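The numbers in this note's numbering rise by one with no breaks, and the one at position 42 of the sequence shown is 165. Glycine included, C-beta positions come from ideal geometry on N, C-alpha and C. All figures in this text were calculated on a predicted structure; none of them were measured in a lab.
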Amino acid sequence: MRRPYFIRRMFMRVGVALCIAIAACWIVASVSQVMYGASRFHVFLRYGGLEFYTHGQTKPSGLTVQTKWHGIWTHWPSYKKTSGYTKIPFWMLFLPTLLVTIWMWRTSRVLPGKCWKCRYDLTGNESGVCPECGTTALLGKR
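Spelled out as C-alpha cells, the structure:
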C-alpha cells in the first residue's frame with residue numbers, strides 16, 4: 124500500500140525539477156531569443172519571459188535562435204487581444220513553484236518515534252525493523 128508520504132515525496136522532487144527547468148528557461152530567455160513558429164502561431168523565449176503570438180503577420184516557420192543579452196527581469200505580464208499577444212515572465216512561474224517546493228520540503232520532516240521511510244509509529248518496537256515496510260528502524264533519524 125502506498126502511503127501519502129511517497130506521493131508527497133514525488134511532488135517534492137517534481138517541484139525541484141520544475142524549479143530547475145524554469146530557471147534554465149529563464150537564463151536562456153535572458154541571453155538569447157528562441158522562437159518556434161508555425162503558420163499563424165509563434166512562441167518566443169526572450170526578455171526573461173515566454174511570449175505567444177496567435178495571429179498577425181505570417182513569419183517563417185521552424186526554430187530560430189539569436190544570441191543577445193536581454194536582461195533577467197521583465198515587465199509585468201501583458202495581454203493584447205487585438206494582436207493575439209500574451210507575455211508571461213519566468214519569475215511569475217519560478218517564485219510560486221519555489222515557495223511551494225520549499226514549504227513541502229520544510230514540512231516533510233519525520234517525527235521522532237516514526238519510521239523514516241513509511242512513517243509507521245514505532246513506539247514500543249524493540250526488534251529494530253519496521254513491521255510495515257521492513258526497513259531498519261532508526262526512530263526518525265536518517
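Proximity to residue i [Cα-Cα], best of the options
| i | options | result |
| --- | --- | --- |
| A144 | T220, L234, K240 | T220 |
| P200 | L186, G172, W226 | G172 |
| S132 | P235, E249, T230 | Per the sequence shown, the amino acid found at residue 132 is Arg instead of Ser. R132 has its Cα closest to that of T230, out of P235, E249, T230. |
| V151 | G236, F175, M215, K191 | K191 |
Beta-carbon spacing of residue i, residue j below 9 Å
| i | j | result |
| --- | --- | --- |
| Y128 | R242 | yes |
| V188 | V157 | yes |
| S206 | Y176 | yes |
Any chain B beta carbon closer than 9 Å to residue i
| i | result |
| --- | --- |
| F217 | Considering every chain present, this structure includes no chain B. It has just one protein chain. |
Close-in-space but distant-in-sequence residues of the same chain around residue i (CB under 7 Å, 5 per side omitted)
| i | result |
| --- | --- |
| C238 | L245, C253, E255, C256, T258, A260 |
| M124 | Legend: pLDDT at M124 = 44, less than 50; position of this residue unreliable, no value from coordinates given. |
| W228 | M135 |
Cβ neighbours of residue i in the same chain (closer than 8 Å, five flanking residues each side left out)
| i | result |
| --- | --- |
| C148 | L168, L173, F213 |
| C142 | F217, T220, L221, T224 |
| Y202 | Y208, T209, K210 |
| E249 | none |
6 Å CB neighbourhood of residue i in its chain, flanking five on each side removed
| i | result |
| --- | --- |
| F134 | none |
| L186 | Y159 |
| M215 | none |
Inset, instruction - Would you be able to state if there are at least three C-beta pairs under 8 Å between the stretch 134-141 and the stretch 211-227? - result: yes
Inset, instruction - Could you tell me which uninterrupted beta strand (DSSP E) segments, each at least 3 residues in length, are contained entirely in the stretch 143-187, listed from first to last along the chain? - result: 155-160, 165-169, 172-176
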